[in-house]
Amino acid sequence: MASSPPAAGADRPGPPGPEDGRTHDVLVVGGGPSGSACAYWLAEAGWDVALVERKQFPREKTCGDGLTPRSVRQLEDMGLTDALAGAHRYEGLRACGYGRQLEMAWPDHPSFPSYGYVITRHDLDQIVNDRATKAGATVWQGTEALAPILDGSPGGGPDRLPACTGALVKDKDSGRTREIRARYVVVADGANSRFGRALGTSRERDWPMGMALRGYYRSPRHDDPFIESHLDIRDESGAVVPGYGWIFPLGDGRVNVGVGLLSVSGRWKGVNTSTLMDTFVRTAPAYWGLSPETSCGPPTGGKLPMGLAVGPRVGPTTLAIGDAGGSINPFNGEGIAYGYETGRLAAAALGAALAGEGSAALDAYETTLADAYGLYYKVARDFVYLMSQPHVMRACIQTGMHSKSLMGLVLRVMANLMRPEELGVAETAYLALASASRLFPTR
Ligand SMILES: Cc1cc2nc3c(=O)[nH]c(=O)nc-3n(C[C@H](O)[C@H](O)[C@H](O)COP(=O)(O)OP(=O)(O)OC[C@H]3O[C@@H](n4cnc5c(N)ncnc54)[C@H](O)[C@@H]3O)c2cc1C
245 MASSPPAAGA DRPGPPGPED GRTHDVLVVG GGPSGSACAY WLAEAGWDVA LVERKQFPRE
305 KTCGDGLTPR SVRQLEDMGL TDALAGAHRY EGLRACGYGR QLEMAWPDHP SFPSYGYVIT
365 RHDLDQIVND RATKAGATVW QGTEALAPIL DGSPGGGPDR LPACTGALVK DKDSGRTREI
425 RARYVVVADG ANSRFGRALG TSRERDWPMG MALRGYYRSP RHDDPFIESH LDIRDESGAV
485 VPGYGWIFPL GDGRVNVGVG LLSVSGRWKG VNTSTLMDTF VRTAPAYWGL SPETSCGPPT
545 GGKLPMGLAV GPRVGPTTLA IGDAGGSINP FNGEGIAYGY ETGRLAAAAL GAALAGEGSA
605 ALDAYETTLA DAYGLYYKVA RDFVYLMSQP HVMRACIQTG MHSKSLMGLV LRVMANLMRP
665 EELGVAETAY LALASASRLF PTR
């Protein structure tokens, strides 16, 4: 049990055996973007962090594989600039809708680069998890957290997670179960978050929720310098539905093709995403060469818990991050950057707790989340409500598609690339939206 971190890079004990009885400083459940980033930042600071991941890397993960400048910034901060060299770098977004196309470079920003990458999660998640291991985290792959170990002390309640001091885990190969103990536990097990649910997390049912489906296709435009979004995807009846279709070039002969649908208060739940995907593939621009013949396999889908809709996220010894805390941006469905960011914020809070501040430091994590995303996500949720009205959505998109400068501002706001020190048109427009949003009840 460390009360202050050893110097980064100092000699560490090797990975403990299954029954070594050691109590780690932190146990992270899940090795996706949020869990691996959290483990990296904790290990880098010298803490004794263990991570369990139920799959073996590299592993498939259903995703659009799109990294925006916010994700790139986090990866570069983790020292992974060179590791991304083989990935497909792209310059901006091509928005398509109602027969028009607009190409927009990523806007300039003082803290974020003006490029992104498209890279499969098969490759990306292994890169980041390896980085955590190299920084000193103890990673057990093929190890599933079956149930939390609760210490029984008070601290839970409707707005708090209970005090958790480890997990009962199962090694997939041997089938053996064992306990891993830690002073603090991080829930990073993704959108379905069974471990989080066992601790009492739940999703605000009336808040927006995303559902998305993606598949890979071989394409002559696999190295296009723009990712492409279609803002007028249609159901079987030809009606435009809230959401978007995407084609993200991977640069390896393939493109990632998908559709995302936004459900608000259960509305649009009846829309069949498979049919939406079939229609999108059939009607996508011919230059991508999408067809059953170029398909690399059937599409797979998943949920996108967004706008901090999942909670509670804090308990006396427990934090929830990434999709397990509902941290996806409702404006655009981006979750990788917010997984990295919330993992990093959690690592900072845990570092303070371990250094002597104790549980109070974990409460600061929630305050930090509120400062970083609270109002922005409230505005985004209100935006999603508005967009779920077909006539509003149609009017907004049709207007936007006639003006590249207007859509450039929209891109800056929706990708959360506003400049904190500069009051440009996008920032001013956002502040006006935020003032209006404060007038609506919380949703
Ligand atoms: C179709 C689709 C397309 C998307 N496209 C994009 C995109 O282009 N760009 C973007 O930024 N975001 C995208 N997202 C969102 C993004 O995928 C998520 O926000 C992101 O993966 C969240 O990271 P995470 O670490 O919180 O969770 P995850 O990536 O889900 O990682 C959780 C990990 O925990 C492991 N795990 C689960 N349960 C246990 C357990 N009990 N014990 C041990 N391990 C466990 C899982 O195996 C997994 O590796 C998309 C999502 C979907 C569904």
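Position one of the sequence shown corresponds to residue 245 (the working numbering), numbered consecutively onward. In this text, a Cβ means the ideal position worked out from N, Cα and C, and glycines have one as well. Note that this is a predicted model, so its numbers are computed, not measured.
Whose C-alpha, out of R447, R511, S463, is nearest the C-alpha of G533? Along the sequence shown, read from residue 1 onward, the residue named residue 533 stands at position 289. Nearest of R447, R511, S463 to G533, Cα basis: S463.
Quick check on H474: does DSSP put it in helix, strand or coil? Position 230 of the sequence shown, counted from the first residue, corresponds to residue 474. Here H474 carries a strand assignment [DSSP, helix/strand/coil].
Does the separation of the CB atoms of A407 and G559 fall below 8 Å? Residue mapping note: residue 407 aligns to position 163 of the sequence shown, counting from 1. Residue mapping note: residue 559 aligns to position 315 of the sequence shown, counting from 1. Inclusion of A407 and G559 in the CB contact set at 8 Å is warranted, their separation being smaller than that value.
Distance, E537 Cα to G583 Cα: Within the sequence shown, the letter at position 339 stands for residue 583. Within the sequence shown, the letter at position 293 stands for residue 537. Those two C-alpha atoms are separated by around 35 Å.
To test your reading of the DSSP string, which unbroken alpha helix (DSSP H) runs of 4 or more residues are found completely within the region 338-387? The qualifying runs are 365-378.
If W350 sits next to Y359, beta carbons under 8 Å apart, how far is it from one beta carbon to the other, in whole angstroms? Your numbering for residue 350 matches position 106 in the sequence shown. Your numbering for residue 359 matches position 115 in the sequence shown. 6 Å between Cβ atoms; contact.
Per DSSP, what kind of secondary structure is W285 in: helix, strand or coil? Taking the sequence shown and counting its residues from 1, the one referred to as residue 285 is at position 41. W285: helix per DSSP, three-state reduction.
I'd like the span of the beta strand (DSSP E) that includes P549, first residue to last. Taking the first residue of the sequence shown as 1, we reach residue 549 at position 305. Boundaries of the beta strand (DSSP E) harbouring P549: 544-549, taken from the DSSP string.
Check whether the Cβ atoms of L563 and A593 sit closer than 8 Å, and answer yes or no. Here the question's residue 563 lines up with position 319 in the sequence shown. Here the question's residue 593 lines up with position 349 in the sequence shown. Yes, they are a contact pair.
Give the secondary structure of E610 by DSSP, where H, G and I count as helix, E and B as strand, and everything else as coil. Taking the first residue of the sequence shown as 1, we reach residue 610 at position 366. DSSP places E610 in helix when its eight states are reduced to three.
Take the Cβ of R318 as the centre, count every other Cβ of all protein chains shown within 10 Å, and call the residue buried at 16 or more, exposed below. Looking up residue 318 in the sequence shown gives position 74. In the sequence under discussion, the amino acid at residue 318 is Gln, which differs from the Arg named in the question. Residue environment analysis places Q318 among the buried positions, since at least 16 neighbouring C-beta atoms fall within 10 angstroms of its C-beta.
So, R420 versus T267, is the Cβ gap smaller than 8 Å? Within the sequence shown, numbered from 1, the residue matching residue 420 stands at position 176. Within the sequence shown, numbered from 1, the residue matching residue 267 stands at position 23. Taking 8 Å as the cut-off, the Cβ atoms of R420 and T267 do not count as close.
Contact between the region 450-457 and the region 539-549 is defined here as three or more beta-carbon pairs at a separation below 8 Å; is this criterion met? yes
I want to know whether the region 374-381 touches the region 273-290 - three or more CB-CB distances under 8 Å. yes
Paired residues, beta bridge with E423 - DSSP: Within the sequence shown, the letter at position 179 stands for residue 423. BP columns for E423 point to L412.
With distances taken between CB atoms, is the gap from P313 to F356 smaller than 8 Å? Indexing the sequence shown from 1 puts residue 313 at position 69. Indexing the sequence shown from 1 puts residue 356 at position 112. Cβ atoms of P313 and F356: closer than 8 Å.
Cβ neighbour criterion (16 or more within 10 Å) applied to G514: Numbered from 1 along the sequence shown, position 270 holds the residue referred to as residue 514. Exposed.
Can you name the start and end residues of the beta strand (DSSP E) that S649 belongs to? For the purposes of this step, residue 649 is identified with residue 405 of the sequence shown, where counting begins at 1. Per DSSP, S649 belongs to no beta strand (DSSP E); it is in the alpha helix (DSSP H), 648-658.
Quick one: using the 10 Å Cβ neighbour count with 16 as the cut-off for buried, is L667 buried or exposed? Position 423 of the sequence shown holds residue 667. The residue in question, L667, is exposed, as its Cβ has fewer than 16 Cβ neighbours within 10 Å.
Would A553 pass as a contact of R447 if the rule is Cβ separation under 8 Å? Looking up residue 553 in the sequence shown gives position 309. Looking up residue 447 in the sequence shown gives position 203. Yes, these two residues count as a Cβ contact at 8 Å.
Let me confirm a value: Q370 is counted as buried when at least 16 other C-beta atoms fall within 10 Å, else exposed. Which label applies? Position 126 of the sequence shown, counting from 1, holds the residue named residue 370. Q370 comes out buried.
Please tell me whether, using a cut-off of 7 Å, the distance from the CB of G502 to the nearest non-hydrogen atom of ligand 1 is below it. Taking the sequence shown and counting its residues from 1, the one referred to as residue 502 is at position 258. Yes, the Cβ of G502 comes within 7 Å of a heavy atom of ligand 1.
G336 beta carbon less than 8 Å from that of F492: By 1-based counting over the sequence shown, the position of residue 492 is 248. By 1-based counting over the sequence shown, the position of residue 336 is 92. Their beta carbons are not under 8 Å apart, which means F492 does not touch G336 by this criterion.
Measuring straight from C-alpha to C-alpha, what distance separates D311 and Y361? Mapped onto the sequence shown, residue 311 falls at position 67. Mapped onto the sequence shown, residue 361 falls at position 117. Looking at the sequence itself, residue 311 is Leu, so the reference to Asp does not match. The straight-line gap from Cα to Cα measures roughly 5 Å.
I want to see whether chain C comes within less than 8 Å of E297, judged by CB atoms only; does it? Reference to chain C is not applicable here, since this structure consists of a single protein chain.
Tell me the rounded alpha-carbon separation between L271 and E388. Stepping through the sequence shown from its first residue, residue 271 is reached at position 27. Stepping through the sequence shown from its first residue, residue 388 is reached at position 144. C-alpha separation (whole angstroms): 13 Å.
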